[in-house]
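Colleague:
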Amino acid sequence: MSDKIHVQRVSLWRAVGSDGNPLFEIRLQISARMNGSHYFVIGPRGEVVRHGTFHFDFWDYPSIVQVLTAIVTTVVPGSEVDVERDAPQRASGA
Numbered sequence: 009m010s011d012k013i014h015v016q017r018v019s020l021w022r023a024v025g026s027d028g029n030p031l032f033e034i035r036l037q038i039s040a041r042m043n044g045s046h047y048f049v050i051g052p053r054g055e056v057v058r059h060g061t062f063h064f065d066f067w068d069y070p071s072i073v074q075v076l077t078a079i080v081t082t083v084v085p086g087s088e089v090d091v092e093r094d095a096p097q098r099a100s101g102a
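Residue numbers (the numbering used here): 9 to 102.
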């Protein structure tokens, strides 16, 4: 059985296991240059556990899903990935 991992947008992208516990964070550095974009997978203690480059044609939601899914399934092979579409809304104090 594969793990289900939900990826949510916070200050970075956070991968959360099906039990609700955070697994790791993903930092993306976007560049318009070919293979100029980088990703960093940050472990629970703040260490970079994996990094690499990626390319995209147009930075839209389908591209975000494709990049994040590829990163997560590299770190957790066989996982089912669900990428949150929008950043969570913050409550404002009034």
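The beta-carbon is built from N, C-alpha and C at its ideal position, and this holds for glycine as well.
Do the CB positions of G28 and Y47 come within less than 7 Å of each other?
Modeller: In this structure, Y47 does not lie closer than 7 Å to G28 by Cβ.
Colleague: Helix or strand or just coil, what does DSSP make of I38?
Modeller: Here I38 sits in coil by DSSP.
Colleague: Am I right that I50 and F32 are in contact with their C-beta atoms under 8 Å? What's the rounded C-beta distance?
Modeller: About 6 Å; that satisfies the 8 Å criterion.
Colleague: Quick one: what's got a C-beta closer than 7 Å to V84's C-beta in the same chain, skipping five residues either side?
Modeller: Cβ neighbours of V84 beyond the five flanking positions: D11 and I13.
Colleague: Buried or exposed for V18, going by 16 or more other Cβ atoms inside 10 Å?
Modeller: Classification for V18: exposed.
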